[in-house]
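For reference, the structure is listed below as structure tokens.
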Amino acid sequence: MSDGNVRAGLVGFGAWGQHHANAIKVTEGVDLVAIAARSDSSTAAAKEAYPDADVYSDFNELIARDDLDFIDVAVPSHLHHAVATAVLGSGKHLLLEKPMGVSLEECDDMIRLANDNKCLFAVGHELRLSSMWGKAKSMIDEGFIGDPLYALVELSRNPYRQGADGWRYDIDRVGSWILEEPIHFFDLARWYLEAAGQPEGIYATANSRQPDHPELHDNFSAVMHFTDGAYAVVSQTLAAFEHHQTIKITGTKGALWASWSGAMDRTRHPTFSLRAFNGGEVVNVSIDKPTGELFELEDQIA
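Numbering-wise, the sequence shown is residues 386 to 687 according to our numbering.
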């Protein structure tokens with residue numbers, strides 16, 4: 386490990402935590418020096434994959450180190466508050482996977498700790514770093530579509546993975562499936578319609594194809610109204626196949642239509658496109674580099 390590099394610790398080495406570890410590994414100037422993993426299998430996997438890193442079964446031991454510049458946390462949603470408050474309470478900078486917490490009180494508590502201890506605190510809304518979703522935002526800000534009036538952010542995908550010990554299908558541990566993924570899309574919708582003010586009202590509907598678990602919403606849609614009259618539709622289904630995300634934005638002068646498709650969300654070989662309408666013709670907008678959650682995760686670490 387090179388002197389002068391940023392020294393990172395990682396809490397969580399499940400399926401997504403391993404992607405976080407790789408993102409740290411491939412980032413120039415950052416060293417992954419410590420990993421905390423809960424299960425015996427995850428601990429063994431971390432030791433094998435990162436023999437130069439110290440591996441702990443107790444995240445508190447990792448947090449207690451005084452040689453870490455920041456800690457990246459990728460654990461199930463119900464553990465976010467406990468781990469994040471321990472990190473922030475120690476005075477260390479934090480990158481936390483979304484959702485920030487499973488309640489408003491948890492989120493407020495983390496923000497307070499970050500402010501009190503002067504810690505940098507980032508939540509993983511990495512889609513804002515996308516070469517394509519970000520290009521759409523730049524075009525909106527440059528006035529290509531005029532005043533934005535409407536945004537649709539829609540995802541059609543295969544069912545969620547269970548997660549370790551089935552946590553993603555346990556409402557007490559996941560918080561809700563709206564927090565699990567549509568939170569990304571609410572973030573994008575607000576970002577795209579930023580010029581239209583703040584959301585002032587929302588209507589939502591959902592249903593489940595699981596008779597024993599109606600609280601787990603396979604299909605979800607919301608309409609969000611903004612102060613200047615614009616509105617956004619956020620919609621998701623987990624009852625489909627593969628992973629297909631679409632964004633459509635219209636304004637007083639034109640429209641944007643972006644789409645992303647892959648066999649799954651974590652593919653490194655997606656198909657994607659951004660088309661723009663200026664009121665007279667449709668053009669294909671060039672995207673300068675691949676886009677997808679794995680690419681954005683690497684940019685987030687960097």
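Glycine is no exception: its CB is placed at the ideal position from the N, C-alpha and C atoms.
DSSP, reduced to helix, strand and coil, places Phe529 outside both helices and strands of the structure shown, so it counts as coil. C-alpha of Asp416 to C-alpha of Val559: approximately 30 angstroms in a straight line.
Taking all protein chains in view, the Cβ of Lys520 is crowded by 16 or more other Cβ atoms within 10 Å, so the residue is classified as buried.
In this structure Ala467 is exposed. Its beta-carbon is surrounded by fewer than 16 other beta-carbon atoms within 10 angstroms. The beta carbon of Asp603 is closer than 6 angstroms to those of Ser593, Arg594, Leu623 and Ala624 in its chain, skipping five residues each way along the sequence. DSSP places Glu678 in the helix class (H, G or I) of the three-state scheme. DSSP places Asn604 in the uninterrupted beta strand (DSSP E) bounded by Asn604 to Phe611.
Here the alpha carbon of Val487 sits roughly 46 angstroms from the alpha carbon of Gly665. Comparing alpha carbon positions, the residue from His405, Thr652, Ile686 and Glu579 closest to Glu527 is Glu579.
At a Cβ-Cβ threshold of 8 angstroms, Ile530 and Gly636 count as neighbours. For Val472, the enclosing alpha helix (DSSP H) has its first and last residue at His465 to Gly474. Cβ-Cβ distances below 6 angstroms link Leu480 to Asp457 and Ala507 in the same chain, with the five nearest sequence neighbours on each side left out; the list follows chain order. The region 433 to 467 contains, as complete beta strand (DSSP E) runs of 3+ residues, the segments 439 to 441 and 455 to 458 (chain order). Rounded to the nearest angstrom, the gap between the Cα atoms of Arg653 and Thr412 is 17 angstroms.
The beta carbon of Asp684 sits closer than 8 angstroms to the beta carbons of Glu511 and Leu514 from its chain, once the five residues preceding and following it are set aside; these are given in chain order. Excluding residues up to 5 positions away in sequence, Ala615, Thr635, Gly636 and Thr637 lie with their Cβ nearer than 7 angstroms to the Cβ of Leu534 in the same chain. Beta-bridge pairing by DSSP links Gln630 to Leu540 and Trp645. For the pair Thr470 and Leu540, the Cα-to-Cα distance works out to about 32 angstroms. Residue range Pro584 to Asn592 is occupied by the beta strand (DSSP E) that includes Pro584.
Under the three-state reduction of DSSP output, Val487 falls in the coil class, being neither helix nor strand. With respect to the C-alpha of Val418, the residue from Asp454, Thr676, Val618 and Ser426 having the closest C-alpha is Asp454. Comparing C-alpha distances from Pro567 to each of Arg450, Gln621 and Met524 shows the shortest one belongs to Gln621. Between Leu659 and Gly639, the alpha-carbon positions lie close to 14 angstroms from each other.
Taking a contact as a CB-CB distance under 8 angstroms, the pair Trp552 and Pro484 does not count as one, their CB atoms being some 13 angstroms apart. Contact annotation: Val608 and Phe571 have beta-carbon atoms that are not nearer than 8 angstroms. Taking the Cα positions, Asp597 is about 16 angstroms away from Pro544. Boundaries of the alpha helix (DSSP H) harbouring Gln403: Ala400 to Lys410, taken from the DSSP string.
Within the model, the alpha-carbon separation for Ala499 versus Ala449 is close to 17 angstroms. Here Met495 is buried: its Cβ has 16 or more other Cβ atoms, across all protein chains shown, within 10 Å.
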